[in-house]
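Numbering (mature numbering (1 follows the signal peptide of the UniProt record, and there is no 0)), first residue to last: -26 to -1, 1 to 622. Shown next, in structure tokens, is the structure this report addresses.
This is how it looks when you write it as structure tokens:
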């Protein structure tokens, strides 16, 4: 019996050694040599964990192999500080590679022509480098290419017509180069995403490309009539049908108009009587300080001064209480913001609302009510609804729904101690997408002139689908411009804004960019150093990126989640575009919505089997940062529960 056990043990040991030997032999030796040759012949200020004694497929940063560990099929190394030209006869030896991402480095020189040898390439990301010279003239070798992003480089010359040979192309981005000449007729039916903006292209847009929005061709010298005829970035609301001038009103229509006129006349007389008989009340005011359940609001600020001023509720609000009910409610201080103090008010019928007491309102009553009515009429899944307001000479209140989960600021920065559950990347991505949709919708209101004016993490909440939801909309124009800026609010404020009443949609986009950087880094918009000096998040991020070690930017709490580096680097680029010091260089919110939505859409829908663990982008390309991520799993639910259109 013992002899049989010994034989079984020896057999198991031999089998184990054979498996280990097979695994070692399965390491792609030729691909490994090609990668080591590439690394040893290009300048890189930061070391990678690529060594001859380690496994390419199991441990090398940025490298993905096939399921058999026999070939390298993906190389993602953005933001690691590469400089100089790509060494010839190195990467071109990776004949099985499908995804190549070297974006956000300092690579210079001409386009590496030997990359045309990569017959299996499906996604090529070389944007945000310093490539120069002309494009390759022949693209026919890349029959399988679906994504080509060469934007933000210094390429010149014309776009070769052979680009039409990329018959499987889905996304093409050549923006922010120095390309000139006419746009070729890129007749590729599969093409879904196109960006040729900010070049020196001339002539007209070919008919095959006129399905793309006008912003895809902006910043060129194209025919104005041709570009303006292109579709907008977001679909416009259908025009309201106008009745024919020859139509004859029916008797029922005439009767309806007459009855409506009578009702309006009655309401006008009633309002006139109310205004004539209104009397002033004793001075009122919500408490400046309030602890949890510290009495009622009424006990703290007395009776209202004007009896006939009532809470005004907006259409669709199902709340049923009056000012007296609100004053009797128990109050809890939630926070002090830029425009006032916010309380949690628990009414006697168990209804809970958030009440903001506005301070330093400069607008007259008519201007105040017009702005509040415009804000209260907004209905969008990513905009926090304004439920009611109160106006008197000495008191201005706005009422919102109360959110138990709290703001994004509390979720991101609250109790950042060891052992807490961090805000994962999936949640942060939803916050950014939802906030972008909400802000884009706000910018379409009031004839496209409405401005939020106070975008920051403490004004963003989560809706029922877990997406960002924008609060505090449009209050900036009502306030005094002499308000001393709070430190955190100053960190979100665009450099051109000196008067808080004169914020613009471009300054909203800057603030949104700061929010993106805040969610990526986990750091506040402004941080005190202990003395008189403060650190602005935007400046800090720029300084780290300038040092070409982008990995240091990201929140350490995100590094435990695998396979998100590409998305984070792409989001970082969007955030940096939004915080450009020049307002004209910031993208419009409609464009931002497309970009942030494209990050996840680019990783969904065309993923190969889980055995290969690839992430092939099918719309907006997604970058990846070379960092050692943890092994714990991140939530992988698709970001598709929210509303996809920012204009609805």
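We put the CB at the ideal spot given by N, CA and C, even for glycine. Treat the numbers as computed from the prediction; the structure is a model and nothing was measured.
Per DSSP, what are the beta-bridge partners of residue i in this structure?
i: residue 123; result: 99 and 147
i: residue 371; result: 331 and 364
i: residue 167; result: 145
i: residue 309; result: 316
i: residue 74; result: 49 and 98
i: residue 195; result: 176
i: residue 153; result: 131
i: residue 287; result: 362
i: residue 326; result: 320
i: residue 501; result: 509
i: residue 572; result: For residue 572, which the question treats as bridged, DSSP gives no partner whatsoever.
i: residue 357; result: 444
i: residue 55; result: In the DSSP output, where bridge partners are listed per residue, residue 55 has none listed.
i: residue 336; result: Beta-bridge pairing links residue 336 to no other residue.
i: residue 453; result: 335
Are the Cβ atoms of residue i and residue j separated by less than 9 Å?
i: residue 563; j: residue 414; result: yes
i: residue 409; j: residue 489; result: yes
i: residue 518; j: residue 508; result: no
i: residue 448; j: residue 416; result: yes
i: residue 314; j: residue 432; result: no
i: residue 328; j: residue 318; result: yes
i: residue 147; j: residue 168; result: yes
i: residue 316; j: residue 333; result: no
i: residue 437; j: residue 466; result: no
i: residue 533; j: residue 402; result: no
i: residue 307; j: residue 364; result: no
i: residue 173; j: residue 154; result: yes
i: residue 122; j: residue 92; result: no
i: residue 54; j: residue 36; result: yes
i: residue 531; j: residue 397; result: yes
i: residue 81; j: residue 109; result: no
i: residue 8; j: residue 64; result: yes
i: residue 11; j: residue 30; result: no
i: residue 425; j: residue 481; result: yes
i: residue 321; j: residue 337; result: no
i: residue 485; j: residue 430; result: yes
Pop quiz: residue i and residue j are said to be a contact at Cβ under 8 Å. What is the actual Cβ separation, rounded to whole angstroms?
i: residue 138; j: residue 161; result: 6 Å
i: residue 345; j: residue 451; result: 6 Å
i: residue 101; j: residue 124; result: 6 Å
i: residue 166; j: residue 152; result: The Cβ separation is near 26 Å, so there is no contact.
i: residue 626; j: residue 358; result: Here the chain comprises residues numbered -26 to 622, so residue 626 is not present and cannot be evaluated.
i: residue 71; j: residue 16; result: Going by Cβ atoms, the distance from residue 71 to residue 16 rounds to 17 Å, so no, they are not a contact pair.
i: residue 62; j: residue 79; result: Actually they are not in contact, since the Cβ atoms of residue 62 and residue 79 sit about 17 Å apart, beyond 8 Å.
i: residue 127; j: residue 113; result: About 17 Å separates the two Cβ atoms, so there is no contact after all.
i: residue 74; j: residue 95; result: 6 Å
i: residue 288; j: residue 241; result: Between residue 241 and residue 288 the Cβ distance is about 18 Å, and since that is not below 8 Å, they are no contact.
i: residue 571; j: residue 405; result: Going by Cβ atoms, the distance from residue 571 to residue 405 rounds to 13 Å, so no, they are not a contact pair.
i: residue 539; j: residue 573; result: Not confirmed; about 12 Å, so no contact.
i: residue 45; j: residue 2; result: 5 Å
Check for me: the alpha helix (DSSP H) holding residue i runs from which residue to which?
i: residue 299; result: 297 to 302
i: residue 382; result: 382 to 387
i: residue 343; result: 339 to 350
i: residue 176; result: From DSSP, residue 176 is part of no alpha helix (DSSP H) but of the beta strand (DSSP E) over 174 to 177.
i: residue 483; result: 479 to 495
i: residue 549; result: 539 to 552
i: residue 421; result: 419 to 422
Residue range of the beta strand (DSSP E) that residue i falls in?
i: residue 435; result: 434 to 436
i: residue 513; result: Run containing residue 513: none in the beta strand (DSSP E); it sits in the alpha helix (DSSP H), 511 to 520.
i: residue 128; result: 128 to 131
i: residue 107; result: 104 to 107
i: residue 408; result: No beta strand (DSSP E) holds residue 408; the alpha helix (DSSP H) holding it covers 399 to 416.
i: residue 81; result: 80 to 83
Could you tell me whether the Cβ of residue i comes closer than 9 Å to any Cβ of chain D?
i: residue 321; result: The displayed structure is made up of one protein chain only, and chain D is not part of it.
Cβ-heavy atom distance between residue i and the ligand NAD below 8 Å?
i: residue 442; result: In the structure shown, the ligand NAD is absent, as is every other ligand, since no ligand is present at all.
**Item:** Contiguous alpha helix (DSSP H) assignments of at least 4 residues, all confined to the stretch 13 to 41
**Value:** 30 to 33
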